[in-house]
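Using full-length UniProt numbering, the letters of the sequence shown map in sequence onto residues 1 to 479.
Ideal Cβ placement from N, Cα and C applies to all residues, glycine included.
Only a predicted model underlies this, so the values are computations on that prediction, with no experimental measurement involved.
Taking it in order: structure first as C-alpha cells, then the write-up.
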Amino acid sequence: MLTPVLLSGGVGSRLWPVSRELHPKQFLPLAGELTMLQQTLQRTGSLESTAPVVVCNEEHRFMVAEQLRQVGIAASGLILEPEGRNTAPAVALAAIRELARDPEAILLVLPADHLIQDVDAFADAVASALPLAQQGRLMTFGVVPVAPETGYGYIRCGGALGPELYELEAFVEKPDSVLAQSYVDSGNYLWNSGMFLLRAATYLEELGEFQPEILACCQRAMASATTDLDFIRPQLEAFRACPADSIDYAVMEHTTLGAVASLHCGWSDVGAWSALWDVAERDASGNVCHGDVILDNCNNSYFRSESRLVAATGVDNLVVVETADAILVADRARVQDVKRIVNRLKADARPEVSLHSRVYRPWGSYESLVTAERFQVKRIIVNPGQTLSLQMHHHRAEHWIVVRGTAEVTCEDKVFMLGEDESTYIPLGHKHRLANPGRIPLELIEVQSGSYLGEDDIVRFEDVYGREKPALTAEEISL
C-alpha cells in the first residue's frame, strides 16, 4: 500500500526573518491560508494511500501534531529525530517502520515545505510512476523547468521507460546561469524536486549496499525506539552515531535502479523570497504585498508586513520583510544570500536566528511585549483544554491578568478560577500552574518582576508534555 512520508526537518533559513529554527517555513502560511505542512498533508488526500507518516525534529513535535489536528488528518505515526541527519536517515527510519507493518510498503517521500499548484497533475504523476516503483525502481520526480533556474539542482534523463518516465542518468549540482540555460535548451534535464516514490524494502537494500553504516544505525535506533502518545522516538545514542547524508548522495547517485517521472504541476520548493514573488498574484506594477503595506512608485518587489505599517517609495526589485523583531531588505535577485545573514546571527549567538518574539509551545504561545530592567510583560495564549507545567521560579514573581476566556490557577495548595478582567499574583518561590478548562483560547497578560527574568529560571515538578528536566536551555524552556 502507498504511504506518504512527510519530511519536516528543514529550517528554511533563506526565508528569514519569518522562518526560524524553532518555527520554520513548513509551519507557516506563506502561500495561502494553510501552512506549507498542511497543504502537503491535504495534497496526499487526492491519492489512494494509508494515513501519512511524518518525520520531524523533536522540538517541533507538538506543532506538527496541532497542525494535523487543525486540518482533521490523523498520522499513522510521528517519528521524532533526536538530531537532524539529512534525508537518507530520515527516510530509513520511516522505511524500517513501514516495512514491519507491510512487506510491500511503497513510500511517497515528500518534503513538507514545497508548493504544488496543480494537485491533479501531481496525483497523475504519482499514479504513472507507481507501477515502476512496485517493480523495484527507486523513482524520483523531476520538474519540467520553466526557466534557467540556478537555485535548483538538475536531473539528467536517460532512455524512455514510458510516457513521461525515464532512466535516471545523473544528478547535477546547481549550475551557473549559462549552464542552466543549456540544460533547459537541451530538453534532457529536469529540476530535482526532492520527492521520491520507492518500495521500503528496496530502499533499505540499496542503502545497505552503499551506506551500510546509515542503515545499521537506523535499525538500532528503531529497534530500541520508544512510543508515547502518537510519537515514535528512535533511540538517541544510536541515531546520533548515524552519518548525515541526503538520499541523492547516499543512494540515488549510486543505484542502478533509479528512474525519473516528469512532473508539470506548478512546483516550487519555496527556497527563497523570490520564489514567493514568482508564484503570487502581482499588481499592475509587478509588486506582491502581504499585510499593512503602502507603496508609491515601486516596481517588481515583494513586501511583507507581519506587525506594523511598511511604506516604500521609488524602489524596484526589492524584497522587504517585516516581523515584530526584525526587518529584512534585500535585492530580489540576491535573496539566496539571506543565508549569510542567518550565519552571522548564529555566529553572534543572536536569539533572532531561532526564536520569534512570539514563541509557540505545546499548550499555545507567548509573546514578549516589553522587556526592561527588573520587569517584563508577556501576552500568553493557552489553547482550549491545555495545561502548563507545575513549576516554580527562584528569581521572579508574576502577575496574571485575564483578557479573554477562563483560567484555572494553581498556586501552592489553592486552586481557583479567574474570569475576564480578573487577576492574581504568583509570589516568588511558589509552585504554580495555569490551565485553560474552557472551549475558547485563554488570553492573559503576564507581568514578571524580579532580579532575573531569563527563561532558564524555572523548575518543573509535573508536565503533561514530558518536559520535566532538572536543567533546560533557554530554547527548551517554556512557561
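Are there 16 or more other CB atoms within 10 angstroms of the CB of residue i, so buried, or fewer, so exposed?
i: Ala200; result: buried
i: Met222; result: buried
i: residue 483; result: Any answer about residue 483 is impossible in this case: the structure gives the chain only from 1 up to 479.
i: Val403; result: exposed
i: Asp331; result: exposed
i: Gln135; result: exposed
i: Val260; result: buried
i: residue 543; result: Given a span of 1 to 479 for the chain in the structure shown, any question on residue 543 remains unanswerable.
i: Ile155; result: buried
i: Ser285; result: exposed
i: Ile440; result: exposed
i: Pro234; result: buried
i: Ile294; result: exposed
i: Val415; result: exposed
i: Gly162; result: exposed
On the premise that residue j lies in contact with residue i, defined as a C-beta separation below 8 Å, what is that separation, rounded to the nearest angstrom?
i: Gly419; j: Gln386; result: The Cβ separation is near 18 Å, so there is no contact.
i: Ala272; j: Val338; result: 7 Å
i: Arg396; j: Tyr452; result: 7 Å
i: Val71; j: Ser8; result: Actually they do not touch by this definition, with Cβ atoms about 14 Å apart.
i: Tyr245; j: Ala90; result: The identity of residue 245 in the sequence shown is Asp, whereas the question assumes Tyr. The pair is not a contact, with the Cβ atoms about 10 Å apart (cut-off 8 Å).
i: Leu168; j: Met252; result: 7 Å
Roughly how many angstroms separate the alpha carbons of residue i and residue j, rounded to a whole number?
i: Leu388; j: Asn317; result: 46 Å
i: Pro17; j: Glu104; result: 43 Å
i: Ile79; j: Asp413; result: 38 Å
i: Val178; j: Cys218; result: 41 Å
i: Asn287; j: Ala95; result: 44 Å
i: Gly208; j: Val109; result: 19 Å
i: Arg282; j: Phe303; result: 11 Å
i: Gly84; j: Glu164; result: 34 Å
i: Asp463; j: Leu390; result: 6 Å
i: Asp278; j: Val320; result: 15 Å
i: Asp65; j: Asn436; result: In the sequence as displayed, the identity of residue 65 is Ala instead of Asp. Looking at the two C-alpha atoms, the distance is approximately 19 Å.
i: Thr3; j: Arg240; result: 26 Å
i: Leu328; j: Glu322; result: 6 Å
i: Cys289; j: Ser274; result: 13 Å
i: Gly438; j: Gly151; result: 48 Å
i: Ser182; j: Gly142; result: 17 Å
Would residue i pass as a contact of residue j if the rule is Cβ separation under 7 Å?
i: Leu6; j: Pro52; result: yes
i: Asp248; j: Phe171; result: yes
i: Ile426; j: Glu398; result: yes
i: Asp113; j: Gly32; result: no
i: Leu198; j: Ala129; result: no
i: Gly258; j: Leu132; result: no
i: Ile214; j: Ala225; result: no
i: Ser262; j: Val144; result: yes
Check whether the Cβ of residue i lies closer than 7 Å to any Cβ atom in chain B.
i: Arg85; result: Considering every chain present, this structure includes no chain B. It has just one protein chain.
**Q.** Inside the segment 45-92 only - beta strand (DSSP E) runs reaching at least 3 residues
**A.** Fully enclosed beta strand (DSSP E) runs of 3 or longer: 53-57, 77-81.
Q) Unbroken alpha helix (DSSP H) runs of length 4 or more, entirely within the segment 179-258: which are they? A) Taking only runs of at least 4 residues, the alpha helix (DSSP H) segments lying wholly in the segment 179-258 are 200-210, 212-223, 236-240.
Q: Could I get the ranges of all uninterrupted beta strand (DSSP E) runs contained in the segment 103-132, with 3 residues as the minimum, in chain order?
A: 106-111, all fully within the segment 103-132.
Q. Which runs of the beta strand (DSSP E), 3 residues or longer, sit entirely within the segment 134-164?
A. Uninterrupted beta strand (DSSP E) stretches at least 3 residues long and entirely within the segment 134-164 occur at 138-143, 154-162, given in chain order.
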